[in-house]
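Asks:
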Amino acid sequence: MKRLITICKIEFLLFLRDFFSVFFTLIFPTLMLILFGGIYGNAPLYPGAGVGVMDSSVPAYCVMVIGVTGLMAFPLTLAGYKEKKIYKRFDATPVGKKSIMLAQVSVDLAMTLIGIGILLAAGKILYDVQVRGWFPAVFVSLLLSVAAMFSMGFLFTALGKDARIANLLCYLSYFIMLFLSGATIPDMFFSDTVKKIAAFLPMTYAVDLIQGVFAGDGLSGHGKELLVLGGVAAGCTVVGAMLYRKKDWA
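For the sequence shown, the numbering used here assigns the number 656 to the initial residue and increments by one for each residue that follows.
1. With contact counted as at least three CB pairs below 8 Å, one residue from each stretch, are the segment 871 to 882 and the segment 847 to 858 in contact?
2. Would you give the residue range spanned by the alpha helix (DSSP H) that R819 belongs to?
3. CB-CB under 7 Å to A803, same chain, minus the five flanking residues each way: which ones, in chain order?
4. Would you be able to state if there are at least three C-beta pairs under 8 Å between the segment 767 to 775 and the segment 837 to 846?
5. Could you tell me which of M687, G808 and P684 sits nearest to A735, measuring between CA atoms?
6. Using a 10 Å radius around the Cβ and a threshold of 16 neighbouring Cβ atoms, would you call K600 buried or exposed?
7. Express the C-alpha separation of N697 and S761 in angstroms, rounding to a whole number.
8. My understanding is that V750 touches T680, with C-beta atoms under 8 Å, so please give their C-beta distance in whole angstroms.
9. Please report how far the alpha carbon of F675 lies from the alpha carbon of R744, in whole angstroms.
10. Between S836, F729, G772 and F811, which has its C-alpha nearest L824's C-alpha?
11. If we ignore side chains and look at the alpha-carbon of each, how far apart do S836 and G871 end up?
12. Looking at C-alpha atoms only, which residue of L781, S828 and Q866 is the closest neighbour of W789?
13. Could you tell me which uninterrupted beta strand (DSSP E) segments, each at least 3 residues in length, are contained entirely in the segment 861 to 889, listed from first to last along the chain?
14. What does a CB cutoff of less than 6 Å around M832 pick up in its chain, not counting 5 residues either side in sequence?
15. In angstroms with no decimal places, state the Cα-to-Cα distance between E738 and M897.
16. Which value, in whole angstroms, describes the spacing of the CA atoms of S711 and T839?
17. My parser needs the alpha helix (DSSP H) runs of 4 or more residues fully inside the segment 676 to 728; what are they?
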């Protein structure tokens, strides 16, 4: 356990040295909150709307945080370590590659929760954002979304034969889903064509699930989202593991 804690500390410091990951995980979502909160406030977007603009936007921004760590920070670190043969070197020591990978997942998960915590605190302080959902349901929805995004990042690193291709897959998937899933722009402004495209993006279901649970819906009311995200998490993890084993990368 001491060994794992030591490795986690090292990986945490390495994460903090990555300006891109730190900025888009901890700072950028709050800047988005301040920008659009200053424009719309937290009043309902239209008469009869059940929640305010920021009440609906903050859960979507939570998915933005998850996307940064799951599709950028974690897989790009994984791809870099793989290309530099770092895992093979650790596998020849008592530490082993599994401890390193577990530490990386733990650090990225912790940073995800910290980023979401900062976002929720800023939303509450600045715009009195309300989380009406039951805490366990909120936590489960966040963890399932994390599992889906992290597993996708894992699969992309398995598909890419080198770090550059893995980076390209991660960047493309992240930015396409970021703008078409409702994580930045509410899907009510999308055309029918864009909505049809968004229906094929896993991040869309993460946004719908977390927004619904934050608004007070139970998990049972989001069976489709749970099924899709669970399927993505399981499928990408299994396929990625099979590809890695086939390539004998470690």
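Ideal placement from N, C-alpha and C gives every residue a C-beta, glycine not left out.
Replies: From the atom records:
1. No, they do not touch.
2. For R819, the enclosing alpha helix (DSSP H) covers residues A818 to L835.
3. Result list for A803: P857, A861, L884, V887 and A888, in chain order.
4. Contact check between the segment 837 to 846 and the segment 767 to 775: fewer than three CB pairs, one atom from each, fall below 8 Å, which does not count as touching.
5. Per the sequence presented here, residue 735 reads as Gly, with Ala not at that position. Checked all of M687, G808 and P684; the closest Cα to G735 is G808.
6. Since the first residue of the chain shown is 656 and the last is 905, residue 600 is not available in this structure.
7. Their backbone Cα atoms lie some 34 Å apart in a straight line.
8. With a Cβ gap of about 26 Å, V750 and T680 do not count as contacting.
9. A direct Cα-to-Cα measurement between F675 and R744 gives close to 27 Å.
10. Ranking the options by Cα distance to L824, first place goes to F811.
11. Rounded to the nearest angstrom, the two C-alpha atoms are 21 Å apart.
12. Considering only alpha carbons, the answer is Q866.
13. Taken in chain order, the segment 861 to 889 contains no complete beta strand (DSSP E) segment of 3 residues or longer.
14. So the qualifying residues of the chain are L856 and M858.
15. When rounded, the distance between both Cα atoms is 18 Å.
16. A direct Cα-Cα distance of roughly 11 Å separates S711 from T839.
17. Qualifying alpha helix (DSSP H) stretches, in chain order: 683 to 695 and 708 to 723.
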